[in-house]
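Enquirer:
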Amino acid sequence: MSSIYWLIAFVILVGIEVATMALTTIWFAGGAFVAFLLALFGVSTEIQLAAFVVMSFLLLFLTRPVASKYINGNTVRTNAESLIGRDARVTAEICNELGTGSAVIDGQEWTARSAQDGETIPSGAQVRIKEIQGVKLIVSKVKEEH
Numbered sequence: 083m084s085s086i087y088w089l090i091a092f093v094i095l096v097g098i099e100v101a102t103m104a105l106t107t108i109w110f111a112g113g114a115f116v117a118f119l120l121a122l123f124g125v126s127t128e129i130q131l132a133a134f135v136v137m138s139f140l141l142l143f144l145t146r147p148v149a150s151k152y153i154n155g156n157t158v159r160t161n162a163e164s165l166i167g168r169d170a171r172v173t174a175e176i177c178n179e180l181g182t183g184s185a186v187i188d189g190q191e192w193t194a195r196s197a198q199d200g201e202t203i204p205s206g207a208q209v210r211i212k213e214i215q216g217v218k219l220i221v222s223k224v225k226e227e228h
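The opening residue of the sequence shown carries number 83 in the numbering used here; numbering runs sequentially from there.
1) Out of curiosity, what's the CA-to-CA distance linking Ala149 and Asp188?
2) Using C-beta distances below 7 Å, list every residue in its chain close to Gln208, excluding the 5 sequence neighbours before and after it, in chain order.
3) Whose C-beta lies closer than 7 Å to the C-beta of Ser129 among residues of the same chain, with five residues either side of it excluded?
4) Using the three-state DSSP reduction, which class does Glu175 fall into: helix, strand or coil?
5) Should Thr107 be labelled buried (16 or more other beta-carbon atoms within 10 Å of its own) or exposed?
6) For Val116, report the span of its alpha helix (DSSP H) as first-last.
7) Could you give the distance in angstroms between the alpha-carbon of Leu219 and the alpha-carbon of Leu140?
8) Could you name the residues of the same chain whose beta carbon sits closer than 7 Å to that of Phe118, not counting the 5 residues immediately before and after it, in chain order?
9) Which residues does DSSP pair with Ser184 in a beta bridge?
10) What separation, rounded to the nearest whole angstrom, lies between the Cα atoms of Gln190 and Asp199?
11) Can you give the Cα-Cα distance for Glu99 and Gly112, rounded to whole angstroms?
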């Protein structure tokens with residue numbers, strides 16, 4: 083009789099995964115399926131539960147990183163995250179010691195700081211955005227090519 087419960091759990095968990103596509107319940111659906119198979123062969127409930135837990139966590143820890151890479155690998159970066167690696171123009175001299183500096187990109191002005199401590203970047207210089215910390219661009223000066 084316990085095999086029907088494992089089958090119901092499997093169907094519900096797969097249904098949740100299909101509805102959300104968030105890689106949250108598929109691992110437990112795999113564990114429920116293994117427990118269902120064990121129940122069909124008359125294995126004790128304790129072993130079914132142990133197999134469910136062990137298989138669920140094995141699937142979670144061994145396959146989630148690989149699956150996440152393929153599913154989330156094509157995610158398009160949005161908003162501020164998409165600025166990293168792009169060039170901006172300094173609109174006010176960047177000096178970390180004085181806590182000054184700003185740069186403009188895509189018509190938006192941002193507070194900017196140099197990635198290199200002690201480096202002063204003059205107004206008008208081209209900089210490359212290395213990272214974003216809060217509302218500040220962390221930039222480095224672009225080497226001019228002649």
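Idealized CB from N, CA, C, for every residue including glycine.
Expert: Let me spell this out:
1) For the purposes of this step, residue 149 is identified with residue 67 of the sequence shown, where counting begins at 1. For the purposes of this step, residue 188 is identified with residue 106 of the sequence shown, where counting begins at 1. Answer to the nearest angstrom: the Cα atoms are 35 Å apart.
2) One-based indexing of the sequence shown puts residue 208 at position 126. The residues are Asp169, Arg171 and Val224.
3) Stepping through the sequence shown from its first residue, residue 129 is reached at position 47. In the sequence on display, residue 129 carries Ile and not Ser. Correct list, in chain order: Leu120.
4) Looking up residue 175 in the sequence shown gives position 93. If DSSP states are grouped into helix, strand and coil, Glu175 belongs with the strands.
5) Translated into the one-based positions of the sequence shown, residue 107 becomes position 25. When all chains shown are included, Thr107 counts as buried.
6) Position 34 of the sequence shown, counted from the first residue, corresponds to residue 116. From DSSP, the alpha helix (DSSP H) with Val116 extends over Ile108 to Leu122.
7) As a first step, residue 219 must be located in the sequence shown, where it is residue number 137. As a first step, residue 140 must be located in the sequence shown, where it is residue number 58. If you take the alpha carbons of Leu219 and Leu140, they lie about 41 Å apart.
8) Residue 118 sits at position 36 when you count from the first residue of the sequence shown. Ser85, Trp88, Leu89 and Phe92.
9) Within the sequence shown, the letter at position 102 stands for residue 184. BP columns for Ser184 point to Ala174 and Thr193.
10) Counting from 1 along the sequence shown, the entry for residue 190 is found at position 108. Counting from 1 along the sequence shown, the entry for residue 199 is found at position 117. So the two alpha carbons sit approximately 24 Å from each other.
11) For the purposes of this step, residue 99 is taken as the residue at position 17 of the sequence shown. For the purposes of this step, residue 112 is taken as the residue at position 30 of the sequence shown. If you take the alpha carbons of Glu99 and Gly112, they lie about 12 Å apart.
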